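**Student:** I'd like to ask you about the structure that follows.
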Amino acid sequence: MGFNVEQWADVCAVEDIPLRGARVVKTPAGCVALFRTFDGAVFALDDRCPHKGGPLSQGIVHARAVTCPLHGWVISLDTGRAQAPDKGAVRTRRAQVVDGRVRLLVAGADAAAE
Amino acid sequence: MKQKLVVIGNGMAPGRALDKLFQIAPDAYDVTIFNAEPRVNYDRIMLSPVLSGEKSFEEIIIHGDAWYEKNGVTLWKGHKVVAIDREAKTARSERGVVASYDKLIVATGSLPVVIPVPGADLAGVLTYRDLDDVNAMLLAAQSGGRAVVIGGGLLGLEAAAGLKERGMDVTVLHLMPTLMERQLDEAAGHLLQKAIEARGIAVRTKANTEAILGTDPALGPPRARAVRLDDGTEIEADLVVMAVGIRPNVQLAKEAGLAVNRGVVVDAGMRTSDPDIFALGECAEFEGQCFGLVAPLYEMANVVAARLAGDPAPRFKPSALATRLKVTGVDLFSAGDFAEKPGRDEIVLRDAAQGVYKRLVIENDRIVGVVLYGDTADGAWFFQQLKDGADISDRRETLVFGPAYAGGQALDPMAAVAALPDDTEICGCNGVCKGAIETAIAQFGLTSAEEVRARTKASASCGSCAGLVEKLVALSLGDAYQADARKPICPCTTFSHEEVRRVIVGQALKSIQAVMQALEWKTSCGCAKCRPALNYYLLCAWPEEYRDDAQSRFINERAHANIQKDGTFSVVPRMWGGVTSPAELRAIADVAEKYRIPTVKVTGGQRIDLLGVKKEDLPAVWRDLNKAGLVSGHAYAKGLRTVKTCVGADWCRFGTQDSTGLGIRLEKFLWGSWTPHKVKLAVSGCPRNCAEATCKDIGVVCVDSGYEIHFAGAAGMHVKATELLCRVRTEDEVVEYVAALMQMYREQAAYLDRIYKWAEKVGVEHIRCTLTEDEAARRGYFERFVRSQKSAQIDPWARRAAGEERREFVPLELPRMERSMEIA
Numbered sequence: 001m002g003f004n005v006e007q008w009a010d011v012c013a014v015e016d017i018p019l020r021g022a023r024v025v026k027t028p029a030g031c032v033a034l035f036r037t038f039d040g041a042v043f044a045l046d047d048r049c050p051h052k053g054g055p056l057s058q059g060i061v062h063a064r065a066v067t068c069p070l071h072g073w074v075i076s077l078d079t080g081r082a083q084a085p086d087k088g089a090v091r092t093r094r095a096q097v098v099d100g101r102v103r104l105l106v107a108g109a110d111a112a113a114e
Numbered sequence: 001m002k003q004k005l006v007v008i009g010n011g012m013a014p015g016r017a018l019d020k021l022f023q024i025a026p027d028a029y030d031v032t033i034f035n036a037e038p039r040v041n042y043d044r045i046m047l048s049p050v051l052s053g054e055k056s057f058e059e060i061i062i063h064g065d066a067w068y069e070k071n072g073v074t075l076w077k078g079h080k081v082v083a084i085d086r087e088a089k090t091a092r093s094e095r096g097v098v099a100s101y102d103k104l105i106v107a108t109g110s111l112p113v114v115i116p117v118p119g120a121d122l123a124g125v126l127t128y129r130d131l132d133d134v135n136a137m138l139l140a141a142q143s144g145g146r147a148v149v150i151g152g153g154l155l156g157l158e159a160a161a162g163l164k165e166r167g168m169d170v171t172v173l174h175l176m177p178t179l180m181e182r183q184l185d186e187a188a189g190h191l192l193q194k195a196i197e198a199r200g201i202a203v204r205t206k207a208n209t210e211a212i213l214g215t216d217p218a219l220g221p222p223r224a225r226a227v228r229l230d231d232g233t234e235i236e237a238d239l240v241v242m243a244v245g246i247r248p249n250v251q252l253a254k255e256a257g258l259a260v261n262r263g264v265v266v267d268a269g270m271r272t273s274d275p276d277i278f279a280l281g282e283c284a285e286f287e288g289q290c291f292g293l294v295a296p297l298y299e300m301a302n303v304v305a306a307r308l309a310g311d312p313a314p315r316f317k318p319s320a321l322a323t324r325l326k327v328t329g330v331d332l333f334s335a336g337d338f339a340e341k342p343g344r345d346e347i348v349l350r351d352a353a354q355g356v357y358k359r360l361v362i363e364n365d366r367i368v369g370v371v372l373y374g375d376t377a378d379g380a381w382f383f384q385q386l387k388d389g390a391d392i393s394d395r396r397e398t399l400v401f402g403p404a405y406a407g408g409q410a411l412d413p414m415a416a417v418a419a420l421p422d423d424t425e426i427c428g429c430n431g432v433c434k435g436a437i438e439t440a441i442a443q444f445g446l447t448s449a450e451e452v453r454a455r456t457k458a459s460a461s462c463g464s465c466a467g468l469v470e471k472l473v474a475l476s477l478g479d480a481y482q483a484d485a486r487k488p489i490c491p492c493t494t495f496s497h498e499e500v501r502r503v504i505v506g507q508a509l510k511s512i513q514a515v516m517q518a519l520e521w522k523t524s525c526g527c528a529k530c531r532p533a534l535n536y537y538l539l540c541a542w543p544e545e546y547r548d549d550a551q552s553r554f555i556n557e558r559a560h561a562n563i564q565k566d567g568t569f570s571v572v573p574r575m576w577g578g579v580t581s582p583a584e585l586r587a588i589a590d591v592a593e594k595y596r597i598p599t600v601k602v603t604g605g606q607r608i609d610l611l612g613v614k615k616e617d618l619p620a621v622w623r624d625l626n627k628a629g630l631v632s633g634h635a636y637a638k639g640l641r642t643v644k645t646c647v648g649a650d651w652c653r654f655g656t657q658d659s660t661g662l663g664i665r666l667e668k669f670l671w672g673s674w675t676p677h678k679v680k681l682a683v684s685g686c687p688r689n690c691a692e693a694t695c696k697d698i699g700v701v702c703v704d705s706g707y708e709i710h711f712a713g714a715a716g717m718h719v720k721a722t723e724l725l726c727r728v729r730t731e732d733e734v735v736e737y738v739a740a741l742m743q744m745y746r747e748q749a750a751y752l753d754r755i756y757k758w759a760e761k762v763g764v765e766h767i768r769c770t771l772t773e774d775e776a777a778r779r780g781y782f783e784r785f786v787r788s789q790k791s792a793q794i795d796p797w798a799r800r801a802a803g804e805e806r807r808e809f810v811p812l813e814l815p816r817m818e819r820s821m822e823i824a
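Chains as they are written, first to last, in full-length UniProt numbering: chain E, 1 to 114; chain G, 1 to 824.
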């Protein structure tokens, strides 16, 4: 993998992700959850809770966190880490918003195609 | 075997990274540090107090020699690394020490900027960067004399204050019109200048240095003697300190062939273009930005430590920065961005007498910039608000006064309440003043806010004064007060479910945001606990007006199916009263085969569960079921689930009434209603009770003379037999009483309380009296239930099968990948 080779894939329009909600995107690296927070920021995390693999994309999004629908773990969208007292982290992916389109990194560090 | 970690640089950032690394992976690496400075790691931020004499060097050491020993770290003091061989994976110091590495950290820091004017290389011209500079300044200060500090930024002012403290005559030259223009706005810059001048330091702004003049070479080695500005002014100086900025020290990294712009380029994992080499601190450049303040550098350090320990998750994300000036007697705090731009406005507080200036810059109801001068006690709080992006629209008027007034954590809210005069009106709705409440508490021995409400009506209407009433009770009772009598919904608020419900109705609040605003929610958009509760309360209070917020629903209610452990869903169509038909069964069988549904199971509620349905198949599954007349069974809902029945008088030799028919009638009447928690019913045809009606939320037992209506049973985590509500003679009466009970529960219970829990709280007898003895109340509940059902009885499956909420069910796809992506 070359350091400067970053490739971003266009996934959807920002509005395709509900505010305080999420969408799932299927990638070669597995399902990735795209979140849009109250302030319009977009985050990408692997769609697997570190606890029992629950689909985080199905959880309730609040502030910059999501509550897993299976057992209520709260996962930080910034870091992928579980809120104490729970321990563990899910891999974060890199997403960005350019001209109203959500893009996901598919080649480069932390790419979703690795 | 341990891996070898070599660190080039011994500043605060690598020091923090190693601290963290030893904490999370103590035995992972053998560590070698090269430090160009001949000493251990110290707190560079505290150099100014050392200069001014407030602290000694020993006091600002972060890692003493013992730390290196304890952690088995080899420290080469005074060794400047001159070459990195990435092929051989070694680093070599000027003095010839070679260390090989598996992982390397480049933390070479920054170099002070020297302005390229004639005379900049004269003796007596210093920069202000490390302990050597401080020592040189201290030496110069010993003989007194005049000092000129070039640069009126953070470092320059600290240096000037320190030198003044040490007895020199000091002049600060600053190129820009106001001091610290990057951190301060104009107004604060002027205040700062006054304060600096008041300490006896001369300040010249718009001062452009043209040259540093030296002594006559004929009189010995030339030294600095004056600074000349471009307007010709000459200012005498025995010491000149340049404090005009820093630039990343990237020479070594550049020579090693690493990607370098202004700084050493790193990704969010702090990796350079060589995956085995990290860079952090002031030498690193992330997304085009270099960093000089300690907070982001420590962030970087945490990321590096985690990555070294094998955790790929942490990523560096630069956050807003805050600055404090460390000059004794000058209180100054700034954070964020305070430039004037369209769409921004500001809140300014000036207190000329106290020398206080506070300015908050607001954009989209959020703080984006803070400047505090003279009183910086609330700096941290404002900064937190800024970082959190907290919505301040509801406390705008008092925001600038800080947390004590702005609805945040007041310093001592009890003292504030205690200080209120007796005639202060506490409850505006009912005109109850503080004195009246205290008198009532004393006179009637009241012990809770509930009792005060019942006795005085305070907080009985809109409820917004509930917090004050609570505090008055606590004040009056002192240690006898039991605070846990009233539980907040969640940490986002101090209000209980009951109080929130009262306020929603009392103040006619009609959106989640309105509730959060009115009740001063502590979070921007609540949490997974309070949002579903608020959504339900609003739906219940305003059935015709309120628009359900899907994002405040638990996934099952959002997707109208039950999530399973593997992320698939289960689908349960309604079977009215547990009765089905060959056509329905055939449709269910067809759907199970068509969508390869792995498990088909009969539930405890007399219907069929299809388990393992993929989310994207749900709308199609529902469409097929709809075609056979099957609708959602709401097996996922905090709402009406099933009405279990026995066969009753139609078939059973003991049956007294048509229990199946009544069950179907009840289910058709009640379905679709949202309730605080799930509601399960049963109708038994005789006292043998084959439908097990006496452990349900609501149960009907048919008898010869009519019907017994029971309620508040439980057969889950708790097992509890029902209570008898009443006996009635006709089916119509059953329907009216049951619907009224449902509505009373809907309007009163806390979210996620089953009927039995609610009954425990308000009292079985209270419910029984209301519904059986107060006909007007019963009719009211019944009619409100009927009205609410008009907008509730819509099959959610049919709407989604027709395409509503499509994005909930359709996953996104990546565009077709090009070849280069596959390589990656």
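Cβ atoms here follow ideal geometry from the backbone N, Cα and C, with glycine treated the same way.
Keep in mind that this is a model prediction, so the values were computed, not measured.
Using three-state DSSP, classify G:Cys695 as helix, strand or coil.
**Tutor:** helix
**Student:** I need the DSSP call for E:Gln7, collapsed to helix, strand or coil.
**Tutor:** strand
**Student:** Considering Cα atoms alone, identify which of G:Gly78, G:Ala195 and G:Gly310 is closest to G:Gly355.
**Tutor:** G:Ala195
**Student:** For the alpha helix (DSSP H) that G:Asn626 lies in, which residues bound it at each end?
**Tutor:** Leu618 to Lys627
**Student:** Any Cβ of chain E within less than 9 Å of the Cβ of G:Asp423?
**Tutor:** no
**Student:** Could you tell me which uninterrupted beta strand (DSSP E) segments, each at least 3 residues in length, are contained entirely in the UniProt domain "Nitrite/sulphite reductase 4Fe-4S" (637-774) of chain G, listed from first to last along the chain?
**Tutor:** You should have 640-645, 679-684, 698-703, 706-711 and 723-728.
**Student:** Do the CB positions of G:Gly369 and G:Val361 come within less than 9 Å of each other?
**Tutor:** yes
**Student:** Roughly how many whole angstroms lie between the Cα atoms of G:Trp67 and E:Ala22?
**Tutor:** 47 Å
**Student:** Throw me the rounded Cβ distance for the G:Ser673 and G:Met742 pair, which I believe falls under 8 Å.
**Tutor:** 7 Å
**Student:** Could you tell me the boundaries of the alpha helix (DSSP H) in which G:Gln193 lies?
**Tutor:** Glu186 to Ala198
**Student:** Please list, in chain order, the chain G residues whose beta carbon lies closer than 7 Å to that of E:Pro55.
**Tutor:** Gly567
**Student:** Figure out for me which residue from E:Arg36, E:Ala44 and E:Thr37 has the closest Cα to the Cα of E:Gly30.
**Tutor:** Comparing Cα-Cα distances from E:Gly30 to each of E:Arg36, E:Ala44 and E:Thr37, the minimum goes to E:Ala44.
**Student:** Does any residue of chain E have a CB that is nearer than 9 Å to the CB of G:Ser511?
**Tutor:** no
**Student:** Can you give me the C-alpha to C-alpha distance between G:Leu18 and E:Ala33, rounded to a whole angstrom?
**Tutor:** Rounded to whole angstroms, G:Leu18 to E:Ala33 spans 33 Å at the Cα level.
**Student:** I'd like to confirm the pairing. Which residues does DSSP put opposite G:Asn562 in its beta bridges?
**Tutor:** G:Ser570
**Student:** Quick check on G:Gly119: buried or exposed, where buried means 16 or more other Cβ atoms within 10 Å of its Cβ?
**Tutor:** So G:Gly119 ends up on the buried side.
**Student:** Hey, would you say G:Phe711 sits closer than 9 Å to G:Ala739, going by beta carbons?
**Tutor:** no
**Student:** Output needed for G:Glu186: all residues of its chain with C-beta closer than 7 Å, excluding positions within five of it in sequence on either side, in chain order.
**Tutor:** Thr178
**Student:** Any residues in the region 522-542 of chain G with a beta carbon nearer than 8 Å to a beta carbon of chain E? Which ones, in chain order?
**Tutor:** Thr523, Ser524, Cys525, Gly526, Cys527, Ala528, Arg531 and Pro532
**Student:** How far does the beta strand (DSSP E) with E:Phe43 in it reach, from first residue to last?
**Tutor:** Val42 to Asp46
**Student:** Mind checking if E:Asp99 is an interface residue toward chain G, Cβ cutoff 9 Å exclusive?
**Tutor:** no
**Student:** Excluding the 5 residues preceding and the 5 following E:Val11 in the sequence, name in chain order all residues of the same chain whose CB lies nearer than 6 Å to its CB.
**Tutor:** Contacts found: Val25, Val102 and Leu104.
**Student:** What are the partner residues of E:His62, as DSSP defines its beta bridges?
**Tutor:** For E:His62, DSSP records a beta bridge to E:Ala65.
**Student:** Taking the alpha carbon of G:Lys434 as the reference point, which residue from G:Cys465, G:Lys614 and G:Arg86 has its own alpha carbon closest?
**Tutor:** G:Cys465
**Student:** Quick check: the Cα distance between G:Gly445 and G:Leu475, rounded to an integer number of angstroms?
**Tutor:** 14 Å
**Student:** Report the start-end ranges of each alpha helix (DSSP H) in the region 503-530 of chain G that is 4 residues or longer and not cut off at the edges.
**Tutor:** Runs found: 512-518.
**Student:** Measure how close the beta-carbons of G:Ile441 and G:Val452 come, nearest whole angstrom, since I'm counting them as under 8 Å.
**Tutor:** The pair is a contact, with the Cβ atoms about 7 Å apart (cut-off 8 Å).
**Student:** Are the C-beta of E:Val74 and some C-beta of chain G separated by less than 9 Å?
**Tutor:** yes
**Student:** Within a Cβ cutoff of 8 Å, which residues of the same chain sit near E:Val14, ignoring the five residues on either side of it in sequence?
**Tutor:** Arg36, Gly40, Val42, Val97, Gly100, Arg101 and Val102
**Student:** Checking the sheet assignment: what are the DSSP bridge partners for E:Cys12?
**Tutor:** E:Val102
**Student:** Any contact of the region 61-79 of chain G with the region 154-162 of chain G, i.e. 3+ C-beta pairs under 8 Å?
**Tutor:** no
**Student:** Measure the Cβ-Cβ separation of E:Ser76 and E:Arg91 and say whether it is below 9 Å.
**Tutor:** In this structure, E:Ser76 sits away from E:Arg91, with a CB-CB distance that is not shorter than 9 Å.
**Student:** Measure the Cβ-Cβ separation of G:Val149 and G:Leu122 and say whether it is below 9 Å.
**Tutor:** One thing to note: G:Val149 has its Cβ no nearer than 9 Å to the Cβ of G:Leu122.
**Student:** State the start and end residues of the unbroken alpha helix (DSSP H) segment that holds G:Gly379.
**Tutor:** G:Gly379 -> alpha helix (DSSP H) spans Gly379 to Asp388.
**Student:** Within the chosen definition, does the region 720-739 of chain G reach the region 782-793 of chain G through at least 3 CB pairs nearer than 8 Å?
**Tutor:** yes
**Student:** At a CB-CB cut-off below 9 Å, which residues of chain E make contact with G:Gly313?
**Tutor:** Correcting the residue type first, residue 313 of chain G is Ala in the shown sequence and not Gly. Within chain E, the residues near G:Ala313 are Thr79, Gly80, Arg81, Ala89, Val90, Arg91 and Thr92.
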